[in-house]
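Counting in UniProt numbering, the sequence shown runs from 1 upward without gaps.
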Amino acid sequence: MANKAVGLNVIFTPNNKPSATIFSRWSFGETLIIKEAPDGSELNPDYEGRVSFNNKTLALELRDLRLDDSGMYILTVVTSTAKELMGKTSLQVFG
């Protein structure tokens, strides 16, 4: 869990990154933030200009935090052996 003030940045970095991923997706609850897949990437327009994704480390940076960024963040990956893995973390943004 991370605690950050409004206006700051946070980086979510997975502890155990799989060696070979073919698909990755970060979401905020049920809402897609960004996904990377063989057929291309997709960024939720609500996060444009506020997120960076490192496809090597699978880290997600969220900038200029807002109070409504508080909640659960979920990383889903599919490995080259078609195994689906999921990790969760939470963020509390305070004023």
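For glycine and all other residues, C-beta sits at the position ideal for the given N, C-alpha and C.
Computed from a prediction, not measured in an experiment: that's the story for all the values here.
Per DSSP, the bridge partner or partners of residue i
i, result
"Glu61", "Ile11 and Ser52"
"Thr31", "Phe28"
Neighbourhood of residue i by C-beta, 6 Å cutoff - its chain only, sequence neighbours within 5 removed
i, result
"Asn3", "Gln92"
"Leu32", "Asn44"
Assumed close pair residue i, residue j - CB separation to whole angstroms, cut-off 8 Å
i, j, result
"Phe12", "Leu67", "18 Å between Cβ atoms; not a contact."
"Met1", "Ser90", "5 Å"
"Lys40", "Met72", "For clarity, residue 40 is Gly in the given sequence; the question names Lys instead. Their Cβ separation, rounded to whole angstroms, is 26 Å, which puts Gly40 and Met72 out of contact at 8 Å."
"Asn55", "Glu36", "5 Å"
Close-in-space but distant-in-sequence residues of the same chain around residue i (CB under 8 Å, 5 per side omitted)
i, result
"Asn9", "Glu61, Leu62, Arg63, Asp64 and Leu65"
"Ala5", "Leu65, Val93, Phe94 and Gly95"
Close beta carbons around residue i, own chain, < 7 Å, minus the five adjacent residues each side
i, result
"Pro14", "Leu58, Leu75 and Gly87"
Discussion item. I want to know whether the stretch 19-28 touches the stretch 74-90 - three or more CB-CB distances under 8 Å.
Written reply: Contact between the stretch 19-28 and the stretch 74-90 is established, with three or more Cβ pairs separated by less than 8 Å.
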